[in-house]
Amino acid sequence: MKIDFKTIEPKWQKKWEESGVFQADDFSNKPKFYALVEFPYPSGAGMHVGHIKAYSGLEVVCRKRRMQGYNVLFPMGFDSFGLPAENYAIKTNTHPHVITTKNVDHFKDQMKRIGFSFDWSREISTSLPDYYKWTQWIFLKLFENGLVFRAKTLVNYCPHCKVVLSNEDSQGGKCDVCHSDVVQLPKDVWYLKITEYADKLLDGLDDVDYPDSIKQQQISWIGKSTGAFVEFSLDGAEEKLEIYTTRPDTLFGVTFMVMAPEHPLLDKYKDRIKNWDEVERYRSDCAKKTEFERTQLVKDKTGVKLDGLSAINPVNGDSIPVFIADYVMMGYGTGAIMAVPAHDQRDWEFATKFGVDIIPVIEGGDITKEAYTGDGKVINSDFLNAYDNKKDSIRAMLDFLARKGIGRKGIQYKMKDWAFNRQRYWGEPIPLIHCPKCGTVGVPYEQLPLTLPDVENFEPGTDGQSPLARIDSFVNCACPKCGGPAKRETDTMPQWAGSSWYFLRFIDPHNDKAFVDPEKLKYWMPVDWYNGGMEHVTRHLLYSRFWHRFLYDIGEVNTPEPYAKRTYQGLILGPDGDKMSKSKGNVIDPLDIVERYGADTLRTYVLFMGDYMAASPWNEDSVKGCRRFLERVAGLYDIATAETEDTALASLFHKTVKKVGDDIESMKYNTAIAALMTLINECYKVNAITKEQLEVFIKLVSPFAPHLAEEMWERLGHTDLVAVAPWPSYDESKMKSDTVEIAVQIMGKLRGRLTVDVSADQNAVMELVRADEKLAAQLAGKQILKVIYVPGKLVNIVAK
RNA sequence: GCGGACGUGGUGGAAUGGCAGACACGUUGGUCUUAGGAGCCAAUGCCUCGCGCGUAUGGGUUCAAGUCCCAUCGUCCGCACCA
Numbered sequence: 003m004k005i006d007f008k009t010i011e012p013k014w015q016k017k018w019e020e021s022g023v024f025q026a027d028d029f030s031n032k033p034k035f036y037a038l039v040e041f042p043y044p045s046g047a048g049m050h051v052g053h054i055k056a057y058s059g060l061e062v063v064c065r066k067r068r069m070q071g072y073n074v075l076f077p078m079g080f081d082s083f084g085l086p087a088e089n090y091a092i093k094t095n096t097h098p099h100v101i102t103t104k105n106v107d108h109f110k111d112q113m114k115r116i117g118f119s120f121d122w123s124r125e126i127s128t129s130l131p132d133y134y135k136w137t138q139w140i141f142l143k144l145f146e147n148g149l150v151f152r153a154k155t156l157v158n159y160c161p162h163c164k165v166v167l168s169n170e171d172s173q174g175g176k177c178d179v180c181h182s183d184v185v186q187l188p189k190d191v192w193y194l195k196i197t198e199y200a201d202k203l204l205d206g207l208d209d210v211d212y213p214d215s216i217k218q219q220q221i222s223w224i225g226k227s228t229g230a231f232v233e234f235s236l237d238g239a240e241e242k243l244e245i246y247t248t249r250p251d252t253l254f255g256v257t258f259m260v261m262a263p264e265h266p267l268l269d270k271y272k273d274r275i276k277n278w279d280e281v282e283r284y285r286s287d288c289a290k291k292t293e294f295e296r297t298q299l300v301k302d303k304t305g306v307k308l309d310g311l312s313a314i315n316p317v318n319g320d321s322i323p324v325f326i327a328d329y330v331m332m333g334y335g336t337g338a339i340m341a342v343p344a345h346d347q348r349d350w351e352f353a354t355k356f357g358v359d360i361i362p363v364i365e366g367g368d369i370t371k372e373a374y375t376g377d378g379k380v381i382n383s384d385f386l387n388a389y390d391n392k393k394d395s396i397r398a399m400l401d402f403l404a405r406k407g408i409g410r411k412g413i414q415y416k417m418k419d420w421a422f423n424r425q426r427y428w429g430e431p432i433p434l435i436h437c438p439k440c441g442t443v444g445v446p447y448e449q450l451p452l453t454l455p456d457v458e459n460f461e462p463g464t465d466g467q468s469p470l471a472r473i474d475s476f477v478n479c480a481c482p483k484c485g486g487p488a489k490r491e492t493d494t495m496p497q498w499a500g501s502s503w504y505f506l507r508f509i510d511p512h513n514d515k516a517f518v519d520p521e522k523l524k525y526w527m528p529v530d531w532y533n534g535g536m537e538h539v540t541r542h543l544l545y546s547r548f549w550h551r552f553l554y555d556i557g558e559v560n561t562p563e564p565y566a567k568r569t570y571q572g573l574i575l576g577p578d579g580d581k582m583s584k585s586k587g588n589v590i591d592p593l594d595i596v597e598r599y600g601a602d603t604l605r606t607y608v609l610f611m612g613d614y615m616a617a618s619p620w621n622e623d624s625v626k627g628c629r630r631f632l633e634r635v636a637g638l639y640d641i642a643t644a645e646t647e648d649t650a651l652a653s654l655f656h657k658t659v660k661k662v663g664d665d666i667e668s669m670k671y672n673t674a675i676a677a678l679m680t681l682i683n684e685c686y687k688v689n690a691i692t693k694e695q696l697e698v699f700i701k702l703v704s705p706f707a708p709h710l711a712e713e714m715w716e717r718l719g720h721t722d723l724v725a726v727a728p729w730p731s732y733d734e735s736k737m738k739s740d741t742v743e744i745a746v747q748i749m750g751k752l753r754g755r756l757t758v759d760v761s762a763d764q765n766a767v768m769e770l771v772r773a774d775e776k777l778a779a780q781l782a783g784k785q786i787l788k789v790i791y792v793p794g795k796l797v798n799i800v801a802k
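For the first sequence, position 405 matches number 407 in the working numbering, and the numbering has no gaps at all.
What follows is the structure in structure tokens.
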């Protein structure tokens with residue numbers, strides 16, 4: 003049988019669509035399976051091979067599940083708000099909605115040409131009002147529950163995109179969108195209190211099936227640490243300086259203090275600081291540095307000693323100097339530290355450079371060379387000298403601090419609250435109103451969606467304002483509380499808002515009364531298996547777990563965690579082994595591969611190319627190999643003439659059914675396909691298979707190459723779709739043969755092979771060894787000390 | 001600095017502690033052909049061709065190690081003056 007993929011692929015794509023086989027059935031009696039892949043941002047470039055790999059993985063699982071009789075929900079939609087569309091809109095003066103719609107259509111067309119079994123009846127787009135109405139609804143719930151607040155703080159700001167970024171969006175001090183250096187600016191920003199959920203997000207990890215690498219990344223991003231807050235009084239000032247430390251056991255070794263240059267206490271006591279000019283100069287130098295310069299490049303310690311302001315160590319009454327230095331960050335702890343140069347490397351470097359005393363309080367190491375951070379006997383520390391380890395002395399110190407009322411146990415997180423507003427056009431309008439009388443008031447629920455108005459000019463304002471601020475008819479409104487004149491918030495939500503709950507909307511995408519019907523929610527949630535990229539672990543995955551947990555706490559959803567199981571796929575690298583990028587010119591266009599080799603080949607290749615979770619380079623020759631394999635599959639049709647089964651081949655069929663099934667479950671798609679290749683090689687060796695065997699083969703290959711499988715299925719006379727034909731079963735007893743080849747080792751080295759009866763015991767095997775001329779010669783004159791026999795595998799003879 | 005993953009032929013990659021290199025690519029030879037960048041058949045870890053060597057390197061545990069343990073080197077990813 004010859005296959006013309008250009009004819010059969012559109013043919014079956016059409017049949018699948020017309021028959022609605024991939025539409026999930028709410029409340030079906032079948033067991034449910036909700037599989038989710040990350041919906042794409044519909045960029046102008048179209049699909050990337052990375053999308054194909056990400057979707058093909060769960061696609062195979064879903065196709066197998068349907069054949070196993072599951073009611074499968076495998077939805078797809080578009081995360082269609084975002085900066086690239088807006089930047090393109092500015093350049094071409096086209097409405098982002100127009101561009102987005104065009105891109106969505108393009109993506110959808112491409113996905114259909116790959117033959118993915120998505121349920122298109124549930125398609126959603128985050129930029130459509132009937133979707134973002136509910137994004138706004140959830141935001142208002144967060145607002146009502148005190149999880150939205152406004153604060154003027156130092157924020158990450160991208161000067162190029164002219165937008166405030168969250169901590170997650172500025173990892174490594176670079177803007178996530180344009181990769182420019184991020185700067186720190188004081189700004190009024192809306193925050194979501196994700197830190198209030200830090201512990202719940204940590205604890206929730208115990209109950210979900212995520213790979214350790216993902217759990218670890220989330221844990222380190224949340225960055226929980228336990229320690230103590232301690233108050234130091236400042237000489238001649240009323241206010242105390244509070245610090246956070248994880249090492250309260252070293253309090254007796256404090257020889258100076260450091261405040262972040264931005265610390266607000268400085269301004270308060272500027273009259274007492276005699277070298278204020280110098281302080282101001284240092285502060286403005288720091289402000290000019292980008293986040294990248296400050297944290298990555300300049301490891302050399304700088305700072306200024308405050309003249310006229312010193313501190314008192316609360317445990318021993320010593321007067322100690324106070325510095326400002328940019329190695330202390332305003333955004334962590336209290337923005338000030340107690341410095342213990344003997345036992346903290348950063349403090350040690352600073353003290354060495356600025357000539358401050360270094361007093362050891364833990365025995366060990368050589369503090370003339372570096373700080374000693376290990377454990378040991380406490381010294382020079384008054385009452386703590388009784389202890390010889392960190393744990394006990396920390397406990398004793400915490401007791402002491404509490405008794406004296408100068409400190410308390412404390413917990414800190416590296417994770418910061420989620421800076422949530424963007425000074426841009428193409429996002430969900432934040433449904434808040436500023437009333438001069440009532441303060442900030444939420445837009446009433448019945449007025450949702452608060453639709454994004456049309457504007458003439460998409461350019462952000464130079465004063466850091468959203469383009470919406472220029473539309474008076476949008477800005478000016480009546481306060482929902484007092485009816486007086488008020489102004490709308492003009493910033494929009496960040497990229498990650500819409501995707502923080504999209505998996506819930508897929509359950510009930512057309513509901514205009516609620517974000518999701520509670521009964522449907524109960525039926526479908528949680529998501530059974532979620533696959534996506536490693537790059538979303540500290541953003542989307544964390545944000546959506548936060549929103550979902552919040553919805554759970556207010557009784558809107560039925561599970562604390564949204565995703566029961568999460569997996570990820572490895573990157574596809576360019577043919578040169580580098581990450582694909584336009585500038586390197588090593589980007590592979592998946593549709594070009596579809597055009598030249600067919601969708602089935604592309605799908606098979608991305609799963610065959612290597613370990614699914616590992617990165618591997620693209621290799622076009624290997625694509626051809628997959629094409630060749632599929633042609634050989636088609637050719638099976640011509641040798642399906644046998645009346646009776648070949649016994650050895652039948653046994654291999656049973657083994658392969660088991661292997662392919664098991665491998666799909668553990669995402670070992672490459673070895674599943676390899677097993678099918680081994681089987682087909684055997685089929686051609688025997689050169690005759692039965693029609694039943696051909697049907698089994700078609701079913702096994704159908705999740706990978708569904709178009710070819712349907713075509714062959716039809717040619718065998720079936721009128722139904724192989725997509726819903728029952729998945730083949732296997733018989734363990736038929737997988738075994740009567741004899742087996744075992745390895746014979748002498749002193750652990752392979753010296754020969756023997757074919758033995760499967761039921762042979764050690765004595766029988768040794769008989770055969772002695773009867774074998776070569777093996778017997780090897781053993782001649784030696785004394786057999788020990789024989790290890792692993793039935794069906796090998797025998798190892800220890801002889802001297 | 002911290003956390004994680006990893007290191008196997010010419011290449012991508014297989015191997016519940018039990019025959020290293022499955023499967024595929026590539027290469028070589030053969031066959032068919034007017035032709036071959038198609039198909040089919042065969043060979044293919046390395047060398048000094050041995051009872052030889054071989055999974056980054058050096059040790060160790062074991063009857064048996066790519067797999068477990070220790071050390072070293074290297075690669076990739078994430079976080080990072082986090083107090």
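Every residue gets a Cβ at the ideal spot worked out from N, C-alpha and C, and that includes glycine.
Beta-bridge partners of S312 (DSSP): P323.
Contact annotation: V529 and I216 have beta-carbon atoms that are not nearer than 9 Å.
Cβ contact annotation for R507 (same chain, cutoff 6 Å, sequence separation greater than five): I126, in chain order.
About 19 Å separates the CB atoms of V150 and N158; that is not less than 8 Å, and the two are not in contact.
Within the stretch 381–445, the complete beta strand (DSSP E) segments at least 3 residues long are 409–414, 434–437 and 441–444, listed from N- to C-terminus. With a contact defined as Cβ atoms closer than 8 Å, N672 and D613 qualify at about 7 Å. In the three-state reduction of the DSSP assignment, S739 falls in the coil class, being assigned neither a helical nor a strand state. Our two residues, E647 and T606, have alpha carbons roughly 28 Å apart in a direct line. A distance of 9 Å or more separates the beta carbons of D740 and H656. Its chain contains V662, D665 and I666 as the residues whose beta carbon lies nearer than 6 Å to that of A674, once the 5 sequence neighbours on both sides are disregarded; these appear in chain order.
With a cutoff of 9 Å on beta-carbon distance, G337 and K418 are scored as not near each other. About 6 Å separates the Cβ atoms of L787 and A801, confirming a contact at the 8 Å cut-off.
The bridge partners DSSP lists for I799 are I748 and V789. In this structure, L609 keeps its C-beta atom at 9 Å or more from the C-beta atom of Q138. Taking K483 as the centre and dropping the five residues before and after it, the same chain places the C-beta of C437, C440 and V443 closer than 7 Å to its C-beta, in chain order. The criterion of a C-beta distance shorter than 9 Å is satisfied by S119 and W18. Here DSSP, grouped into helix, strand and coil, assigns T569 to strand. From the listed residues Q467, A471, P446 and G463, the smallest Cα separation to P455 is found for A471.
Contact check for F41 against F80 passes: the beta carbons are separated by less than 9 Å. Shortest Cα-Cα distance from A373 to any of D28, F460 and T252 involves T252. Here C160 is bridged, per DSSP, to V165. Beta bridge pairing from DSSP links P487 with A480. For L144, same chain residues with a beta-carbon under 7 Å away, outside a window of 5 residues either side, are V150, L194 and F552 in chain order.
If only complete runs of 4 or more residues are kept, the stretch 180–263 shows the alpha helix (DSSP H) at 200–206 and 214–224, in order along the chain. Between S321 and D190, the alpha-carbon positions lie close to 37 Å from each other. If you check the CB distance, I381 and P362 come in under 9 Å. Taking C-alpha positions only, L434 is separated from L142 by approximately 8 Å. Residue state for R348 is assigned as helix, using DSSP reduced to three classes. One Cα belongs to A711, the other to T197, and the distance between them is close to 51 Å. Going by C-alpha positions, L38 is about 11 Å away from P564.
For L144, the uninterrupted alpha helix (DSSP H) run begins and ends at P131 to E146, by DSSP. In the structure shown, the three-state DSSP call for F35 is strand. Scanning Q220, H181 and N105 for the CA closest to the CA of G48 turns up N105. Ranking L308, D390 and L770 by CA distance to the CA of K276 puts L308 first.
By the criterion of a C-beta distance shorter than 6 Å, I413 is surrounded in its chain by T228, once the five residues flanking it on both sides are discounted. Rounded to the nearest angstrom, the gap between the Cα atoms of D205 and T128 is 30 Å.
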